[in-house]
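The structure appears below as structure tokens.
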Amino acid sequence: MPFNIGLSGLNSAQADLDVTGNNVSNAGTTGFKQSRAEFGDVYAQSFGGTNQTTVGAGSRLLAVTQQFTQGQTEFTENGLDLAIDGEGFFQLNDRGNTVYSRAGEFQVDRDGFLVNSQGQNLQGYVAEDGDAEPADLGGTPGNLRLDTGEGAPRRTEEIDAQLNLRSDAEVIAGGFETDNGAAVPDSYNFSTSLTVYNGQGEAQDAEVYFTKVDDNEWEAYVAVNGEVVNENDPKELVFDANGELDFDEMPDDDATFTFDPGDAFDDGTEIEIDFAGTTQYGTDFGVSDLSQDGYAPGTLTDIDIDNEGVVFARYSNGQSDVLGQVVLANFDNPQGLEQLGNNNWAETFASGGPTVNAPGAAGTGLLQAGALEASNVDIAQELVNLITAQRNFQANSQTISTADTVTQTIINIR
Numbered sequence: 000m001p002f003n004i005g006l007s008g009l010n011s012a013q014a015d016l017d018v019t020g021n022n023v024s025n026a027g028t029t030g031f032k033q034s035r036a037e038f039g040d041v042y043a044q045s046f047g048g049t050n051q052t053t054v055g056a057g058s059r060l061l062a063v064t065q066q067f068t069q070g071q072t073e074f075t076e077n078g079l080d081l082a083i084d085g086e087g088f089f090q091l092n093d094r095g096n097t098v099y100s101r102a103g104e105f106q107v108d109r110d111g112f113l114v115n116s117q118g119q120n121l122q123g124y125v126a127e128d129g130d131a132e133p134a135d136l137g138g139t140p141g142n143l144r145l146d147t148g149e150g151a152p153r154r155t156e157e158i159d160a161q162l163n164l165r166s167d168a169e170v171i172a173g174g175f176e177t178d179n180g181a182a183v184p185d186s187y188n189f190s191t192s193l194t195v196y197n198g199q200g201e202a203q204d205a206e207v208y209f210t211k212v213d214d215n216e217w218e219a220y221v222a223v224n225g226e227v228v229n230e231n232d233p234k235e236l237v238f239d240a241n242g243e244l245d246f247d248e249m250p251d252d253d254a255t256f257t258f259d260p261g262d263a264f265d266d267g268t269e270i271e272i273d274f275a276g277t278t279q280y281g282t283d284f285g286v287s288d289l290s291q292d293g294y295a296p297g298t299l300t301d302i303d304i305d306n307e308g309v310v311f312a313r314y315s316n317g318q319s320d321v322l323g324q325v326v327l328a329n330f331d332n333p334q335g336l337e338q339l340g341n342n343n344w345a346e347t348f349a350s351g352g353p354t355v356n357a358p359g360a361a362g363t364g365l366l367q368a369g370a371l372e373a374s375n376v377d378i379a380q381e382l383v384n385l386i387t388a389q390r391n392f393q394a395n396s397q398t399i400s401t402a403d404t405v406t407q408t409i410i411n412i413r
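This is the structure in structure tokens:
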């Protein structure tokens, strides 16, 4: 009997050494979760009741459980590296099978998909046409793909202009004039320019001219690429005694007007200018705001992932597109997940089914881009565990040695 007890102790100590050694060997593995060996005693009860003199029969390994505590966040120089700060797992498509991981080392494959080093696809909400905002995302998670092509241009449709027209400017007696389509310099008081874009993203020069035609009354004209496009239909701006726009005296009762930008824009769509906030004070002519909503095509300059997992493509024209959103899966019992190796886990009956949400929703953690979650192994503690397991192994071997000595003594009795 002592031999079996000692042998069970050796087996338990060996299992403890194996678990500790595995933890130490994975101290540098991204997203690794340390394991703990759990033991129980072996005790044989007599039939029909409890025998007060029964001696235990040793120990045995009950389970090896993983400890899903947070690992340290280590920052990298790769914007596609992702660390989970909190609960949850990355959901990966492994050639049709769904697996889960805490290792966020991702890259772009030849087809533009986000994958890890095993070629497993990172899952998320994929942006469809018209999903311009993160709130538009949702549905069934799919393989996230980065569109690395050019950013589409946008045609100018609206211009916001907020200016001050000097109140003591001279009235132009003859009004605004053109010469071969171009504005005559002496026929306007002030002008300002900006760039607008046609449907192909080609930049066009636009200039706005202001001619004072009477006290507190002005006319605005627009030229595109040097040619005035509304010579016969100017925008009338009327100001009150306080220098504010007097909408009651303006023909259209508002500060906007539209114009046909001409041949450079061959789609027939007009552009609207809004002069809301324009004033007529005694200070110099000045432009407070002059902006438009068009832009040229752009080349991809960067991919950003925010802490809620939203993937943005940044372009050289200053614009950005939402490409998708990384999802995280959570489980009622993470310790019930099946370890598959290569930093992967699989769902089991014990773990329960996954609940899939965007990062930060329903108890899932947030993401940190440009960082990785390190192993949660505490090397100092594991070294202490190694010493303890070694001592346990030596002590149990001593049990066997002592039992052998006692047995030999009994055999030698004559």
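Oh and the sequence shown: position 278 is 277 in numbering that gives the first Met the number 0, straight run, nothing missing. Yeah, the Cβ is synthetic: ideal placement off N, Cα and C, and Gly gets one too. Predicted model, so just to flag it, every value in this text is computed and none were measured.
Is DSSP giving Glu37 helix, strand or coil here? strand
Rounded distance between the beta-carbons of Phe311 and Leu9, thought under 8 Å: Rounded, the Cβ-Cβ distance is 57 Å, inconsistent with contact.
Span of the beta strand (DSSP E) around Ala126: Counting along the chain, Ala126 falls outside any beta strand (DSSP E), and DSSP gives it neither H nor E.
Below 8 Å between beta carbons: does that hold for Gly103 and Leu81? One thing to note: Gly103 has its Cβ within 8 Å of the Cβ of Leu81.
Can you confirm whether the stretch 35-43 touches the stretch 55-72 when touching is taken to mean that 3 or more C-beta pairs between the two stretches lie within less than 8 Å? yes
Extent of the continuous beta strand (DSSP E) run through Tyr220: Taken as a continuous stretch (DSSP letters only), the beta strand (DSSP E) holding Tyr220 covers Glu216 to Val223.
Where the beta strand (DSSP E) containing Glu269 begins and where it ends: In the DSSP annotation of this structure, Glu269 is not part of any beta strand (DSSP E), being labelled neither H nor E.
Distance, Cα to Cα, Ala202 vs Ala222? 14 Å
Assuming Asp331 and Arg313 form a contact by the criterion Cβ under 8 Å, report the distance between their Cβ atoms to the nearest whole angstrom. Rounded, the Cβ-Cβ distance is 38 Å, inconsistent with contact.
Beta strand (DSSP E) segment containing Phe88, residue limits: According to the DSSP assignment, Phe88 belongs to the beta strand (DSSP E) that extends over Phe88 to Asp93.
Quick one: give me the first and last residue of the beta strand (DSSP E) that Tyr187 is part of. Unbroken run through Tyr187: none, as it is neither H nor E.
Have a look at the DSSP bridge pairing and note the partners of Asn343. Ser100 and Gly340
Any idea if Phe189 is buried or exposed, counting beta-carbon neighbours within 10 angstroms, 16 or more meaning buried? buried
Candidates Asp266, Tyr196, Asp185 and Gly285, of which the one nearest Gln291 by Cα: Tyr196
Once the 5 residues before and after Asn142 are set aside, which same chain residues still bring their CB inside 7 Å of it? So the list reads Asn92, Phe112, Asn120 and Gln122, once near-sequence residues are dropped.
Cβ contact (3+ pairs, closer than 8 Å) linking the stretch 71-78 and the stretch 365-382: Yes, the stretch 71-78 touches the stretch 365-382.
In terms of residues, what are the limits of the beta strand (DSSP E) holding Leu244? Segment: none, Leu244 is in no beta strand (DSSP E) and carries neither H nor E.
State the Cα-Cα distance for the pair Gln334 and Ala349, rounded to the nearest angstrom. 8 Å
Less than 6 Å between C-beta atoms, sequence neighbours within five positions excluded: which residues of the same chain meet that for Gly242? Thr278, Gln279 and Tyr280
Within this structure, are the beta carbons of Glu149 and Gly297 separated by less than 8 Å? With a cutoff of 8 Å on beta-carbon distance, Glu149 and Gly297 are scored as near each other.
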